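Asker: Once you've had a glance at the structure underneath, I'll fire off some questions.
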Amino acid sequence: MRDVWQLLSGFPNPQRPFITTNFADSGRVELSATTFTNGAAKAANAFRDLLDVEPGTLVRVELGWNWQQGIWQAAALISGAELVSENAEVAIVSAEQATEASANFDGEVYGVSTDVWGRPQGCEGEITAEVLGQPDSWMYPEYFASHGALVEQALQWGADHGVTAQDRIGVDIGHILPNLLIPFVLPLVFSGSVVLTDHL
266 MRDVWQLLSG FPNPQRPFIT TNFADSGRVE LSATTFTNGA AKAANAFRDL LDVEPGTLVR
326 VELGWNWQQG IWQAAALISG AELVSENAEV AIVSAEQATE ASANFDGEVY GVSTDVWGRP
386 QGCEGEITAE VLGQPDSWMY PEYFASHGAL VEQALQWGAD HGVTAQDRIG VDIGHILPNL
446 LIPFVLPLVF SGSVVLTDHL
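Position in the sequence shown (from 1) plus 265 gives the number in my numbering.
Given below as structure tokens:
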């Protein structure tokens, strides 16, 4: 069973659309697998080199329905961290929320830009510029068997919903995927693409 980094770095036809966000208030952003993978690698390297995240560290990513949410979730998995919704040791939040979040969170809080182009926003506690300076290939490749359960869950979800290879999968944000099944894992296991939207 391949892990998340192996699936991303081996994605077929990586110039094709991979993940699209299309929301009424923020418009449409479409990323190829190459762009998504490069972004996830930069963020994963930042987790290890800047934030001292090690395999098993509990990480919460709270960037809302934004294309950066998937990149940072992927980065957490790639670096071996465990994604959680509470009791996290490290939290990734939007840059403008970093100061407030730090006052209400016992662990480490880091802000990243949710600008449509990913540009630094100049907020206190923001690490966007440092992340952009990281290598765009994962520098510490290692296999994480724990990803197998996530991949199996994605395959089962796809089988239950009639998903086939190279399909374009639409996910309305009002529809809750089971447990922590992450939207970007679906196109990974089916060599397809996913559209996240609030108006299917």
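Note that the Cβ used here is the ideal one computed from N, Cα and C, for glycine as well.
None of these values were measured; they are calculated from a predicted model.
Which same chain residues, not among the five before or five after N444, have their C-beta less than 8 Å away from its C-beta?
Answerer: As a first step, residue 444 is located in the sequence shown; it is residue number 179 there, counting from the start. Unreliable placement is indicated for N444, whose pLDDT of 47 sits below 50; the coordinate value is still reported in the next sentence. So the qualifying residues of the chain are Q418.
Asker: Taking the alpha helix (DSSP H) that V436 belongs to, which residues open and close that run?
Answerer: As a position in the sequence shown, residue 436 is number 171, starting the count at 1. First-last for V436: R433 to D437, but that is the beta strand (DSSP E), not the alpha helix (DSSP H).
Asker: Can you tell which of S344, V358 and D314 has the C-alpha that lies nearest to the C-alpha of Q350?
Answerer: Within the sequence shown, residue 350 is the residue found at index 85, counting from 1. The question names Gln, yet the displayed sequence has Ser at residue 350. Per the Cα distances, V358.
Asker: Would you decide whether A414 is buried or exposed? Buried here means 16 or more other CB atoms lie within 10 Å of its CB.
Answerer: Looking up residue 414 in the sequence shown gives position 149. Exposed: under 16 other Cβ atoms inside 10 Å.
Asker: Let me check understanding here. Comparing Cα to Cα, which of V269, E395, T379 and A311 lies closest to V355?
Answerer: As a first step, residue 355 is located in the sequence shown; it is residue number 90 there, counting from the start. V355 has its Cα closest to that of A311, out of V269, E395, T379 and A311.
Asker: In the DSSP assignment, the alpha helix (DSSP H) including S274 goes from what residue to what residue?
Answerer: As a working note, residue 274 is residue 9 in the sequence shown. For S274, the enclosing alpha helix (DSSP H) stretches over residues V269 to S274.
Asker: Who are the Cβ neighbours of V324 in its own chain at under 8 Å, not counting the five residues just before and after it?
Answerer: Taking the first residue of the sequence shown as position 1, residue 324 is located at position 59. The answer, listed in chain order, is F312, V318, A341, A346, E347, L348, V349, A353, E354, V355, A356 and I357.
Asker: Determine which residues share a DSSP beta bridge with I284 and list them.
Answerer: Stepping through the sequence shown from its first residue, residue 284 is reached at position 19. Answer is L296 and V459, bridged to I284.
Asker: Is Q386 closer than 8 Å to E365 when the C-beta atoms are compared?
Answerer: Taking the first residue of the sequence shown as position 1, residue 365 is located at position 100. Taking the first residue of the sequence shown as position 1, residue 386 is located at position 121. For E365 and Q386, no; Cβs fall outside 8 Å.
Asker: So S297 and P279 are supposed to be a Cβ contact under 8 Å. How far apart are they, rounded?
Answerer: Within the sequence shown, residue 297 is the residue found at index 32, counting from 1. Within the sequence shown, residue 279 is the residue found at index 14, counting from 1. Indeed they touch by this definition, with Cβ atoms about 6 Å apart.
Asker: Could you work out which residue in T462, H464, D463 and L453 is closest to R281 when comparing CA atoms only?
Answerer: In the sequence shown, counting from the first residue as 1, residue 281 sits at position 16. Checking every option, the nearest Cα to that of R281 belongs to L453.
Asker: What is the DSSP secondary structure of E361, counted as helix, strand or coil?
Answerer: What you label residue 361 is simply residue 96 of the sequence shown in a count that begins at 1. E361 falls in the helix class under three-state DSSP.
Asker: Could you tell me how far apart the beta carbons of V381 and S291 are, in whole angstroms, since I believe they sit closer than 8 Å?
Answerer: Within the sequence shown, numbered from 1, the residue matching residue 381 stands at position 116. Within the sequence shown, numbered from 1, the residue matching residue 291 stands at position 26. Correct: roughly 7 Å between the Cβ atoms.
Asker: According to DSSP, what are the bridge partners of Y375?
Answerer: Counted from its first residue, the sequence shown places residue 375 at position 110. DSSP output for Y375 lists I357 as bridge partner(s).
Asker: Should Y408 be labelled buried (16 or more other beta-carbon atoms within 10 Å of its own) or exposed?
Answerer: Locating residue 408 in the sequence shown gives position 143, where the first residue counts as 1. Burial call: exposed.
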